[in-house]
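One structure below.
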Amino acid sequence: MTLFNLGINNVKHNFKNYLSYFISTLTSIFILMIFYSIYYSRQIHSFSSDRVKVGAIFKAAAFVVIIFSAIFIGYANSFFIKNKKKEVAIYSMLGMKKKEIGTLMFFENIFLGILALIVGVPLGAFTSRFFLKILNVCMKSNKPIQYTFDIRAIVMTIFIFMIIFLLNSIKAYGIIYKFRLIELIHAAKEGEKKPKFSRVLALLSLIMVISGYIGVLKMNLETGGVQMLYKGLLITLLVVAGTYILFNNFIIYMFKLFEKNKKAYYKGENLIGVSQIIYRIKGNSNLLATIAVISAVAITALCFTFSFNLTLDKVAPSGCPFSIMYQSGSQGLNKKVEAVINNHKEVKTTYKTDIVMINGSGLTEKYKGPFEKDLKAPFDMFIMSASEYKDIVNNSGFNDGTDIVDRAKNIKIDKENQCFFIEVSNSLEARGRLVGDELNAAIGGKAYKLDISDSSKKCVLGVKLQKTTIVVPDTFFNKLLNDNRNNTTIIRAYNFDNVLKSGSVVGEISQMMPKGRIFSSYYDMYTEVHTLYGSYVFIGAFLGILFVVSTGSIMYYKQLTEAYEDKNRYSVLSKIGLTKKETLRIISKQLGFIFVMPLLFGILHSIFPLIAYMKYLCGFSISQMKWMGMTMGVYAAIYLCFYLLSIKSYMKIINKSTVC
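Printed below as a string of structure tokens:
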């Protein structure tokens, strides 16, 4: 029998030991194959627009899958190598050469990888059409699905995973050269290094994590831009580093305190159970902290994408508050647009207006523009009348119950020299930050000094027409207009009764717009936001599955490894009177802490950024909180499955030992 055949037989006869690893690897291959199939599909490019590149999103997601899969498969492989050490030692004692043993280990890894590819690649390719339809639903697109298979998806998936499997196989090959025979024989008795704990570090970990939580809740009260980026990085560093220190010190310290409670410690099987838990947490502290951080990232991303997807209809008016808006310039263009609308019976005009604004420029002391830098030169701006502003707010998407960004509806400009200032800014400071500042305005060659009585960052003209705007009293605006008839910008706006059926109208009007004329539509904005965030929901769901399956599998592998290490201990305990029922309780508690701790901290780490998101961006919504709760519940339920599977496998290993 050749070494290759021997390797295949080893995998076949011990496939149960490889099953969890195989399924997790298969999941990685399956998801990457789907992402590449969608990325290389010609259909996907029809979803893209100038601002939303769906293909690029899937390419980035595929990169995340590759990186995570490489780390996960490498970590899982290290567990198998540890369990194989004794087997390798037996081969060596039977007279096999080191080169032959290394080659055998190499073939086993390669064969398992090829088997996963044989199953995963066709499965991913076959189901890609179905998942493309799901993507279409997530993006709320009415475009017909015509999936086209591309061989590049298969080539890329096989190429990437063969590299991963090859590297792991080389690592397995080197095991016989890395360790002495005596080390290989006693490998199963080796525990992970027990890190010492410190009371000072335990307290420090709490301070770091809590400081990170407080920082997240306050982050939106600070200025934006680079400062916000730095603060976000600092908070992330505090929470992540604090988590590792916490698992290495604080949790161990709490169990040590529990040991001092003699009444509770010596009750029932706590003496055995708590000692085992302390040992396991010590030996797995870095792994548990890593899984807690990964879980926090996955849960936060999933909750954010799912909950934000619920608010997309409410965000769309920010992009375009009317059904269509365009820069008017001549009656001829207006008549053409009117004719197109009248030719389409699927929509009916419910509101039409001309928004007249005067062009000007200005400079203030406090206003720093969109990039939060001191402005040395005057900035361009629109001048709008108070009545025009109120008409926009009351007759657009801002007044139909869908706008959630709190546009100012009641503005106070009592005097002619006062103005309401609408800034274009990335600052996260609250409304009214420019109150009391003086605006030096230049309008039609004349200079004016205006007092800013109120200010806001909430633009009412949409994304494409967004510009610094001041709102002035009607009397003052009319005086300015008399002197600036040729210095105006006129925006014609329409509202339709069935705006989501206006795709044909929007497309036809967009084509007839003269070059350089601004055109915006609610339909395009609605489509773009749903395409973008629908893609995020789709990708987030798949990555979430990958993360929870991979991390759950790692926990499962680890418990199996430790079960083999513990079987002799439980064999001795059973001989001195420990029943199977008591053993089950001890193991259930032990594994319960191991599984629950990272999940608990993962959920806790995710709650605070989600609170900040709901509070400062969207407001608290029962439907959003339900979705977040459901997401966390599903994530926890999958972990529960791995926990129950681990208990079953652990008990099976222990019972085999005690029976003997």
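Those letters in the sequence shown? Residues 1 to 660, by the UniProt record's numbering.
The beta-carbon is built from N, C-alpha and C at its ideal position, and this holds for glycine as well.
Residue range of the unbroken alpha helix (DSSP H) whose run includes residue i
| i | result |
| --- | --- |
| I554 | 522–575 |
| Q511 | 503–512 |
| F379 | Not the alpha helix (DSSP H): F379 falls in the beta strand (DSSP E), residues 379–385. |
| I210 | 199–218 |
Where residue i falls: helix, strand or coil (DSSP)
| i | result |
| --- | --- |
| A442 | strand |
| R585 | helix |
| Q624 | helix |
| C660 | Here C660 scores only 46 on pLDDT, less than 50, and its place in the model is too uncertain to base an answer on. |
| Q331 | helix |
| L461 | coil |
| residue 661 | Not covered by the structure: residue 661. The range shown for the chain is 1 to 660. |
| N168 | helix |
| K97 | coil |
| P195 | Confidence at P195 is low in this model, with a pLDDT of 46, below 50, so the placement of that residue should be treated as unreliable; the coordinate-derived value is given next. Coil, per DSSP. |
| L578 | coil |
| G362 | strand |
| K133 | helix |
| K231 | helix |
| T148 | coil |
| K336 | helix |
| N410 | coil |
| S141 | coil |
| L450 | strand |
| V435 | coil |
| G401 | Residue placement at G401 is poorly supported in this model, since its pLDDT is 44, which falls under 50; the coordinates are not used for a value here. |
| S425 | coil |
Residue i versus the options, residue with shortest Cα-Cα distance
| i | options | result |
| --- | --- | --- |
| N249 | Y213, C641, L288, G212 | L288 |
| L460 | G444, E423, A447 | A small fix is needed here, since residue 460 is Val in this sequence, not Leu. Among G444, E423, A447, the Cα nearest to that of V460 belongs to E423. |
| G362 | I355, S128, T353, F379 | F379 |
| I34 | S128, K98, S28 | S128 |
| P514 | E438, Y326, G534, R569 | Y326 |
| G113 | F126, F161, Y75 | F161 |
| K479 | L203, M384, L238, K335 | M384 |
| M604 | K581, R485, F519, V239 | The sequence shown places Leu at residue 604, rather than the Met named in the question. Taking only the C-alpha atoms, the option nearest L604 is V239. |
| L19 | G444, L591, Y556, E562 | Y556 |
| T350 | N395, G319, L310, A339 | N395 |
| K656 | G629, A563, Y213 | A563 |
| E565 | M651, G629, T489, K59 | M651 |
| F496 | V634, L481, K348, K589 | K348 |
| M512 | V471, V572, V340 | V340 |
| I470 | R485, S502, K501, K412 | K412 |
| I214 | L203, S198, A202, I235 | I235 |
| Q331 | N410, F382, G436, R492 | R492 |
| T561 | D150, V200, I647 | I647 |
Exposure label - residue i; buried when at least 16 CB within 10 Å
| i | result |
| --- | --- |
| C419 | buried |
| C641 | exposed |
| V505 | buried |
| N454 | In the sequence as presented, Asn is not what sits at residue 454; that position holds Asp. Its Cβ being crowded by 16 or more others within 10 Å, D454 is buried. |
| P122 | exposed |
| G74 | exposed |
| T579 | exposed |
| T551 | buried |
| D474 | exposed |
| Y230 | exposed |
| L558 | Correcting the residue identity first, residue 558 is Lys in this sequence and not Leu. Label assigned to K558: buried. |
| S295 | buried |
| D524 | buried |
| R433 | buried |
| R280 | buried |
| L237 | exposed |
| G212 | buried |
Segment limits, beta strand (DSSP E) that includes residue i
| i | result |
| --- | --- |
| M325 | 324–328 |
| V347 | Counting along the chain, V347 falls outside any beta strand (DSSP E), and DSSP gives it neither H nor E. |
| V472 | 469–472 |
| R485 | Segment: none, R485 is in no beta strand (DSSP E) and carries neither H nor E. |
| F421 | 418–422 |
Heavy atom of the ligand ZN within 8 Å of residue i beta-carbon
| i | result |
| --- | --- |
| I422 | In terms of ligand content, the structure shown is empty, and the ligand ZN therefore cannot be addressed. |
Margin query: When you compare the region 629–643 with the region 329–341, are there three or more beta-carbon pairs, one atom per stretch, that lie closer than 8 Å?
Written below: no
Note to self: Quick test of the definition: if touching needs 3 or more C-beta pairs under 8 Å, does the region 347–366 touch the region 437–449?
What the structure shows: The answer is yes - the region 437–449 touches the region 347–366, with three or more Cβ pairs under 8 Å.
Next item on the list: Assess, as a yes-or-no matter, whether the region 65–73 is touched by the region 20–29 under the definition of 3 or more beta carbon pairs within less than 8 Å.
Entry: yes
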